[in-house]
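See structure below.
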Amino acid sequence: MNINGQTIKVFAGNASKDLALKICEELGVKLGEAEVGAFSDGEIAVNIKETVRGADVFVVQSTCAPVNRHLMELLIMIDALKRASAGRITAVIPYYGYARQDRKAKARDPITAKLVADIITAAGADRVLTMDLHAAQIQGYFNIPVDHLLGVPILAEYFKKMGLEDLVVVSPDLGSVTRARNFANLLDAPIAIIDKRRPQANVSEVMNIIGEIEGKNVILVDDMVDTAGTLTQGAKALKDFGAKEVYACCTHPVLSGPALERIEGSVIKELVILDTIPLSEEKKLQNIVSLSVAPVFAEAIRRIYENLSVSKLFD
1 MNINGQTIKV FAGNASKDLA LKICEELGVK LGEAEVGAFS DGEIAVNIKE TVRGADVFVV
61 QSTCAPVNRH LMELLIMIDA LKRASAGRIT AVIPYYGYAR QDRKAKARDP ITAKLVADII
121 TAAGADRVLT MDLHAAQIQG YFNIPVDHLL GVPILAEYFK KMGLEDLVVV SPDLGSVTRA
181 RNFANLLDAP IAIIDKRRPQ ANVSEVMNII GEIEGKNVIL VDDMVDTAGT LTQGAKALKD
241 FGAKEVYACC THPVLSGPAL ERIEGSVIKE LVILDTIPLS EEKKLQNIVS LSVAPVFAEA
301 IRRIYENLSV SKLFD
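Position 170 of the sequence shown, counting from 1, maps to 170 under our numbering, and the rest follow consecutively.
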């Protein structure tokens, strides 16, 4: 398990084993041997089954559902590797959970994105590699280097190959305009914005469409789809305002609660997702297409290991 004769090791928790195997295939290394289970009372039990002394170690683990269990697996794996004298530990977190709690929206709110960043650092991580944080400023919550990969180029490449005409890229809300604009620039398309109000968490009400979408093929772009209420309501509004076909894409397919039922019954022709969160068999709908982030993460890991620029991936 080495690159150019030097030691590199990749381990995975239970959340991202399939993705880790794909990353290892891209790198040409074997997945590190580790047993991540639990005691009878539910406490996480980790056993690293090979030497990591002095090695550059990458732990691949999304903090997806069950979020708390997968977060604890990541922390305990990092601690085990640190105590086994690993040379450097990089937490590879394709999907960073708790990222939505990134500020005090109202009095006495926690800022959990910062808390989780502190815990990961305290556990012993020397570096974090992640993709499409819910808010880019979360990078500043860490006191260790953070490499922030982007899912937009992967998604844009897929739609480029589709060759859709009369295309408009749509931001699902005002907060996602920058992401939509970057996506639109890659496709050389104009953008529109859904102006909506959110009375409470996971509940949204579409108010208006800013931009020209009548008779156009539209692509809704977001960083994550959770209960899919925002996505499906937005898609319906776009249709009501005269859009021809509605496509959607996101980096993180959280897909909790009634998400699958909503997507299946929606006007969305195709939802394109990335495999930062594993898609179980029951979630594989006909109108959901999954693309792999393994090549991008593998190249980032290679560049981190060889002390090369990671930002060059997106030049």
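All residues carry an ideal CB built from backbone N, CA and C; glycine is no exception.
These numbers come from a predicted model, not from an experiment.
Selection PHE142, THR7 and GLU264 evaluated against ASN287 yields GLU264 as nearest (Cα-Cα). At a cut-off of 3 residues, the continuous stretches assigned as beta strand (DSSP E) that sit fully inside the region 14-97 are 34-38, 44-48, 56-60 and 88-93. Here MET162 is exposed. Its C-beta has fewer than 16 other C-beta atoms within 10 Å.
Within 10 angstroms of the beta-carbon of THR63 lie 16 or more other beta-carbons, which makes it buried. Of the candidates GLU73, ILE44, VAL60 and GLU33, VAL60 places its Cα closest to the Cα of ASP275. Secondary structure of ILE263 (DSSP, three-state): helix. With fewer than 16 other Cβ atoms inside 10 Å of its own Cβ, GLU306 counts as exposed.
Setting aside the 5 residues that flank it on each side, VAL152 is surrounded in the same chain by ASN182 and PHE183, each with a C-beta closer than 6 Å to its C-beta; the list follows chain order. Leaving aside the five residues that flank ASP132 on each side, the residues in its chain whose CB is nearer than 6 Å to its CB run, in chain order, GLY151, ASP223 and THR251. Considering only ARG127, PRO295, LYS283 and ASN217, the residue with the shortest C-alpha distance to LEU164 is ASN217. Here SER16 has VAL60, GLN61 and SER62 as same chain residues with Cβ atoms under 6 Å from its own Cβ, once five neighbours each way along the sequence are excluded. Distance check between VAL146 and each of GLY54, VAL246, CYS24 and TYR96 places TYR96 closest, using alpha-carbon atoms only.
Between the region 104-118 and the region 76-84, the count of Cβ pairs shorter than 8 Å is below three; the stretches do not touch.
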